[in-house]
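Residue numbers (our numbering), protein chains in the order written: chain A, 17 to 349; chain B, 17 to 349; chain C, 17 to 349; chain D, 17 to 349.
Using N, Cα and C, we set each Cβ at its ideal position, and we do this for glycine too.
There are 4 protein chains.
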Amino acid sequence: MLVVMGTGASRGEVAEAHRRLEQMAPGVTWIEGARQSVFAVAGDVAGSDLASVRSLRCVERIVQVQQPYQLTSRAFRPDDTVVSSGNCKIGGGNIAVIAGPCSVENEEQMVRTACLVKSYGAAMLRGGAYKPRTSPYSFQGLGEQGLKLLEKAREVTGLPFVTEVTSVDAFAAVEDSADVIQIGARNMQNFPLLQRAGKSAKPILLKRGLSATLEEFLLAAEYIMAGGNPSVILCERGIRTFETYTRSTLDLSVIPAIKELSHLPVIADPSHACGKWSLVEPLAKAAIAAGADGLMIEVHPDPDQALCDGPQSLKPERFGRLMSSVGKIIAAG
Amino acid sequence: MLVVMGTGASRGEVAEAHRRLEQMAPGVTWIEGARQSVFAVAGDVAGSDLASVRSLRCVERIVQVQQPYQLTSRAFRPDDTVVSSGNCKIGGGNIAVIAGPCSVENEEQMVRTACLVKSYGAAMLRGGAYKPRTSPYSFQGLGEQGLKLLEKAREVTGLPFVTEVTSVDAFAAVEDSADVIQIGARNMQNFPLLQRAGKSAKPILLKRGLSATLEEFLLAAEYIMAGGNPSVILCERGIRTFETYTRSTLDLSVIPAIKELSHLPVIADPSHACGKWSLVEPLAKAAIAAGADGLMIEVHPDPDQALCDGPQSLKPERFGRLMSSVGKIIAAG
Amino acid sequence: MLVVMGTGASRGEVAEAHRRLEQMAPGVTWIEGARQSVFAVAGDVAGSDLASVRSLRCVERIVQVQQPYQLTSRAFRPDDTVVSSGNCKIGGGNIAVIAGPCSVENEEQMVRTACLVKSYGAAMLRGGAYKPRTSPYSFQGLGEQGLKLLEKAREVTGLPFVTEVTSVDAFAAVEDSADVIQIGARNMQNFPLLQRAGKSAKPILLKRGLSATLEEFLLAAEYIMAGGNPSVILCERGIRTFETYTRSTLDLSVIPAIKELSHLPVIADPSHACGKWSLVEPLAKAAIAAGADGLMIEVHPDPDQALCDGPQSLKPERFGRLMSSVGKIIAAG
Amino acid sequence: MLVVMGTGASRGEVAEAHRRLEQMAPGVTWIEGARQSVFAVAGDVAGSDLASVRSLRCVERIVQVQQPYQLTSRAFRPDDTVVSSGNCKIGGGNIAVIAGPCSVENEEQMVRTACLVKSYGAAMLRGGAYKPRTSPYSFQGLGEQGLKLLEKAREVTGLPFVTEVTSVDAFAAVEDSADVIQIGARNMQNFPLLQRAGKSAKPILLKRGLSATLEEFLLAAEYIMAGGNPSVILCERGIRTFETYTRSTLDLSVIPAIKELSHLPVIADPSHACGKWSLVEPLAKAAIAAGADGLMIEVHPDPDQALCDGPQSLKPERFGRLMSSVGKIIAAG
């Protein structure tokens with residue numbers, strides 16, 4: 017940790033800062049610069065100590081040399097984590113495609129989609145039962161009934177499924193039913209939900225928040241791992257920028273960046289990121305080429321009739337084409 | 017609602033779209049352009065109908081003429097809403113300053129701060145008992161014990177207090193104790209929490225999300241009002257941009273914009289927005305000059321020792337100076 | 017063009033707007049809604065007329081159905097434009113890699129890099145002679161001497177080169193020397209420079225501005241084409257977001273989006289976008305997988321000694337590895 | 017300067033970095049941490065040396081303790097700079113309002129507006145003769161003829177005027193005619209233009225770029241001052257964010273931040289920032305309350321007929337009302 021003192025810090029303030037820092041950690045070095053002085057503190061500093069240093073009026077800023085996340089860091093576990101659910105493996109060289117409709121609407125839609133995406137090679141199903149919606153007047157999902165339909169689709173296809181949970185209250189119901197539990201972008205910093213996920217025995221698929229930095233994303237995963245759950249799949253789904261042609265901006269640079277910083281698997285959701293079906297296939301290929309461990313793709317048997325996010329849903333045949341071209345990218349790996 | 021058909025839409029697709037639209041609403045006008053045609057649909061269209069139109073492959077985009085929020089709109093209620101708690105009124109010409117520490121730390125700190133900010137003219141107390149923290153290793157707040165200390169500070173000063181709730185689980189405890197319940201920026205789209213707030217009899221202070229548009233902000237308030245709670249105070253606390261000198265970018269243009277679009281009171285939190293105590297006073301003055309109905313200011317008796325957000329906390333005397341200069345801006349109003 | 021009238025527009029104002037619109041274009045349809053009325057105007061409206069409608073106080077907003085760019089649009093030219101320079105072709109299925117150092121430093125560095133990147137398959141050289149630098153105290157490039165060194169490298173390798181021009185003053189010198197002229201991100205809306213480029217017989221490589229929307233990017237290219245120069249290569253080089261781990265955020269969704277909207281070739285510059293050499297190869301592969309017509313890659317024989325942007329420069333062998341893996345992605349097509 | 021070595025840096029690399037750093041500056045301290053080591057370098061390091069350190073593969077990052085700008089810094093000149101033009105003074109407690117139309121359209125419009133804004137208290141005129149326009153098909157301004165009309169307005173009112181220059185070519189013409197020369201947001205990093213401005217004897221009004229950080233803004237001013245021109249007025253005009261209700265997001269926190277970091281005067285342009293006339297007055301008041309040294313306000317005698325930016329232009333009477341309410345904020349100071 018480097019503590020940069022302000023230009024106007026007095027001798028007394030510098031001495032007081034020095035005294036405090038030495039109480040916190042053994043190795044404190046004082047470097048006097050032309051206009052500003054800096055303290056270098058070796059070793060770990062507790063979070064509360066850190067806050068107390070940051071609060072000192074004479075401190076201009078603190079530069080943390082080490083990353084604030086630990087369990088999620090590559091340093092903590094040099095080998096790639098592989099998250100498994102049924103026959104589906106994600107990470108460590110295993111690439112999986114998760115597919116299905118945005119919302120579970122009815123049995124026919126869900127089962128038919130499940131069979132079709134399986135036939136094209138999807139390894140896991142997706143479908144929203146609890147839908148976080150911007151407007152209170154939009155379709156909010158089928159809730160527990162939706163979970164039953166997902167179970168039916170699993171029964172028919174043998175594929176595991178992932179579905180989103182939006183509250184601690186509904187967590188147990190989702191946990192009992194789903195194979196993988198999704199925490200959506202809007203809840204990436206819903207800390208009680210992350211803490212609950214940390215106590216689950218099921219893998220968690222954690223989506224990046226709309227304006228979350230990479231560090232915040234890894235710290236959200238750290239909440240889950242610190243709670244005791246080592247099975248976290250990270251998912252890039254686009255960040256909010258000034259561009260309006262696409263719904264969000266898919267940030268594929270986080271894929272290789274996460275590979276450097278963390279051992280956790282990372283997948284991409286091009287459907288939600290761009291919001292336009294015609295851009296999904298090229299972005300899916302790009303995500304795999306960038307090193308993603310998987311994809312999450314929206315597929316609807318009849319997008320023209322979808323209750324939610326139809327414009328970004330692929331028709332099954334288009335999904336088949338995507339699987340074929342993504343397969344070539346994987347092979348080119 | 018305007019439905020813009022894509023350039024490649026065939027006659028058959030246009031006819032099908034026309035047929036569907038006429039099932040939804042009576043007044044559908046078809047305007048054939050040189051290259052693209054447009055349908056204008058008068059009257060209200062249900063949310064699910066809207067999704068089904070948006071999903072049509074031949075539709076390029078939908079332009080909504082009317083705002084998607086209703087109860088929060090100025091059209092719904094032309095007069096300013098005034099939210100009251102004890103003697104404190106916010107909105108409709110009533111300007112109130114809410115002050116206190118970021119986190120409740122102990123009785124001495126909370127009560128002393130409360131007395132000091134009251135002496136300088138604060139009308140409501142603030143203090144965090146449940147703290148949403150980016151890192152699982154940061155101080156997470158005193159929880160229910162913190163609520164007790166806030167009650168103590170209320171008892172001593174007679175001032176009402178606002179404190180944040182971060183989960184549906186803890187809602188009842190906060191609701192029983194607090195005068196006004198805060199939903200923080202990270203939970204602005206925590207829809208189960210908003211729905212719970214809609215059932216409360218206590219006023220809700222809703223902070224804008226870090227990357228929330230004005231429309232999403234008003235739709236979050238709409239969740240609360242649609243649930244039956246008419247007492248919502250909006251709070252601008254800075255949005256995330258590329259600028260790194262300040263923690264967030266305080267967006268003061270939303271203050272007069274909200275005044276045009278909505279009847280709800282709106283306040284500003286310059287402390288969290290900028291993250292630097294030296295910028296708080298000028299931004300507080302600016303917020304009031306822009307038309308804000310109030311301010312939320314962090315004050316700590318000894319910021320150098322604060323457990324949280326010390327760098328943005330004002331010392332009590334500086335807060336006194338802020339109250340004096342803000343008072344002059346109000347008078348100049 | 018759709019003209020949405022404000023909720024408060026009076027009968028007289030609507031009539032006046034109607035009168036004005038009919039003077040501008042023949043087909044004006046008036047659609048009266050429940051609360052707001054809309055005019056639909058078929059056919060083209062001149063820019064100055066548009067401004068005069070937009071300025072009407074009773075107009076809430078204007079929705080343009082047609083794209084504001086013409087010559088750059090896919091509608092104007094359905095087939096892909098292929099830009100050629102020497103043996104290097106870009107667009108219409110031709111993929112080219114442009115490589116070289118950020119700055120031209122000396123003959124040995126430039127010629128050696130040129131020979132090496134040629135040996136690995138680069139089709140064009142790059143190197144900065146006129147450097148736009150954020151600080152006046154940074155190395156500003158060798159200017160005309162740099163052009164001479166680039167010519168030398170071309171002579172030795174037979175490869176064409178692209179180099180940046182930063183002012184109308186220096187345009188003639190760059191135009192005489194370079195094969196392709198680059199207009200950098202900071203000058204994407206330097207309109208006199210774009211107009212000058214429109215009069216050139218040399219192809220222009222136009223980089224997207226740091227906060228430019230896709231529409232603004234295509235309008236900048238429109239300036240060049242409207243001036244008479246049909247040879248424009250677009251280049252995505254990252255946009256500015258809140259993320260700080262990478263220098264900018266490479267927006268690969270614009271690659272397929274540009275392919276839909278425009279006939280112009282589009283390439284990606286992952287080196288400048290991410291600012292970290294270790295992320296360049298995965299992002300280069302991703303860009304090609306997303307459909308890019310080429311890449312621009314920084315290569316330096318000894319990045320540890322580079323005068324500029326060393327941290328994002330690849331060593332020649334790493335560039336060779338990139339060419340090999342990118343080649344596999346191209347083959348997987 | 018602090019040089020943070022990567023976690024994987026070998027002993028040999030650390031030694032090589034140490035050797036290089038010692039060649040650059042006398043006071044190099046080596047601090048060995050648990051996992052990473054850091055070098056602290058006291059004193060100034062030349063820009064090219066800095067680049068060569070940054071390029072070392074074993075260096076993770078460089079933290080600059082001192083600001084990269086010098087002449088624009090408060091440390092360089094502790095007292096506020098006052099920029100004068102005729103009777104108009106800006107900075108050091110002098111607050112001035114600059115007003116006029118977006119574009120100069122004709123003599124009647126320009127002179128009438130000038131007389132009206134003078135009668136309400138404006139201290140300087142504004143009007144665009146060279147207009148940077150996103151589309152090549154938009155009105156591009158009257159050029160030199162526009163300058164003549166501005167001179168006429170100055171003659172009639174006795175007020176100085178500011179107008180934008182968009183190229184080095186047109187600089188001399190604008191310099192001969194105008195009292196203050198504006199460099200617009202799109203040219204904030206047009207370095208040849210900044211260098212030309214540095215050689216001028218006229219004051220420069222420099223607008224912040226749409227995605228410029230505060231540091232880049234001050235470095236752009238540094239270009240002008242380093243060229244020899246000490247008279248720079250900074251102007252905040254809104255930055256680009258995801259919010260679409262306003263055109264840009266006025267960032268008022270930079271006003272007090274600039275006051276801390278620099279001695280240069282800073283004004284705000286709420287008209288361009290918000291793009292909606294109804295928000296201009298509250299934001300103008302807010303800017304002054306935040307400490308701005310002046311305002312730039314668009315006024316048009318008949319905004320319904322404006323050739324450019326009518327929706328954000330105030331009618332003269334509304335401008336009068338703004339001047340009155342801003343006057344009260346100044347008095348409340």
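Item: Applying the criterion that 16 or more other CB atoms from any shown protein chain within 10 Å of the CB defines a buried residue, is A:Asp95 buried or exposed?; Value: exposed
Item: Under 8 Å, with one C-beta from each stretch per pair, do the segment 272-288 of chain B and the segment 243-252 of chain B reach the 3-pair mark?; Value: yes
Item: When the cut-off is 8 Å and only beta carbons count, does C:Ile313 lie next to chain A?; Value: no
Item: Cα separation between B:Arg107 and B:Ala300?; Value: The amino acid occupying residue 107 of chain B in the given sequence is Gly; Arg does not appear at that position. Approximately 17 Å, taken between the alpha carbons.
Item: Helix, strand or coil: how does DSSP classify A:Leu250 here?; Value: strand
Item: Go ahead and pull the three-state DSSP assignment for B:Val178.; Value: strand
Item: Find out if the Cβ-Cβ distance for the pair C:Ser278, D:Pro84 is shorter than 8 Å.; Value: no
Item: Just to confirm, are A:Val20 and A:Val61 a CB contact at a threshold of 8 Å?; Value: no
Item: Please report how far the alpha carbon of C:Thr182 lies from the alpha carbon of C:Leu226, in whole angstroms.; Value: 16 Å
Item: Consult DSSP for C:Ile346 and reduce its assignment to one of helix, strand or coil.; Value: helix
Item: Which chain A residues are close to B:Arg93, counting only those with a beta carbon under 9 Å from its beta carbon?; Value: Under the 9 Å cutoff, chain A gives no residues; its nearest Cβ is about 17 Å from B:Arg93.
Item: For chain C, check one thing: does any of its Cβ atoms lie closer than 8 Å to the Cβ of B:Leu18?; Value: yes
Item: Identify the contact partners of A:Gln321 in chain B, using a Cβ-Cβ distance below 8 Å as the criterion.; Value: Ser68 and Ser71
Item: Could you tell me whether any Cβ in chain B is nearer than 8 Å to the Cβ of D:Glu259?; Value: yes
Item: How many angstroms separate the CA atom of A:Gly254 from the CA atom of A:Ile240?; Value: 22 Å
Item: Kindly indicate which three-state DSSP category A:Gly116 falls into: helix, strand or coil?; Value: strand
Item: Please confirm whether D:Gly159 and D:Gly116 have their CB atoms less than 8 Å apart.; Value: no
Item: Run down chain B in chain order and give the residues with a C-beta less than 8 Å from the C-beta of C:Val354.; Value: Residue coverage of chain C in this structure runs from 17 to 349, which leaves residue 354 of chain C outside it and unanswerable.
Item: What are the start and end residues of each continuous beta strand (DSSP E) run of 3 or more residues lying completely inside the segment 219-245 of chain A, in chain order?; Value: 220-223
Item: C:Cys251 touches chain A at which residues, Cβ-Cβ below 7 Å?; Value: By Cβ distance, chain A contributes nothing, its closest Cβ being about 16 Å from C:Cys251, past 7 Å.
Item: Around the C-beta of D:Lys366, are 16 or more other C-beta atoms found within 10 angstroms, so that it is buried, or is it exposed?; Value: The requested residue 366 of chain D is not part of the displayed model; chain D covers only 17 to 349.
Item: First and last residue of the beta strand (DSSP E) that includes C:Ile199?; Value: Val196 to Ile199
Item: Which residue from D:Lys134, D:Gln82, D:Gly24 and D:Val178 puts its Cα closest to that of D:Leu18?; Value: D:Gln82
Item: What does D:Gly307 reach in chain B if we use C-beta pairs closer than 8 Å?; Value: Pro298
Item: Closest to C:Val315 by C-alpha separation, out of C:Ala237, C:Pro286, C:Gly174 and C:Lys275, would be which residue?; Value: C:Pro286
Item: Rounded to whole angstroms, what is the Cα-Cα separation between D:Arg77 and A:Gln211?; Value: 33 Å
Item: Could you say which of B:Ala305, B:Trp293 and B:Ile304 lies nearest to B:Asp318 if we only look at CA atoms?; Value: B:Trp293
Item: Quick check on the DSSP output: the alpha helix (DSSP H) that includes D:Arg93 runs from which residue to which?; Value: Here D:Arg93 belongs to no alpha helix (DSSP H), and DSSP marks it neither H nor E.
Item: DSSP has D:Glu160 in a bridge; who is on the other side?; Value: DSSP, once it has assigned bridges, lists no residue as partnering D:Glu160.
Item: Applying a beta-carbon distance threshold of less than 7 Å, which residues of chain B neighbour D:Ala347?; Value: Ala348
Item: Can you tell me which of D:Ile313, D:Gly137, D:Ala347 and D:Ile345 puts its alpha carbon nearest to the alpha carbon of D:Ser119?; Value: D:Ile313
Item: From the DSSP output, in three-state form, read off D:Asn203 for me.; Value: helix
Item: Which residues in chain A sit within 8 Å of D:Arg256, going by Cβ to Cβ distance?; Value: Phe258
Item: Can you pull the DSSP bridge partners for A:Lys105?; Value: A:Ser100
Item: Does the count of Cβ pairs from the segment 65-74 of chain B and the segment 33-40 of chain C closer than 8 Å reach three?; Value: no
Item: Kindly identify the DSSP beta-bridge partner or partners of B:Glu314.; Value: B:Gly116
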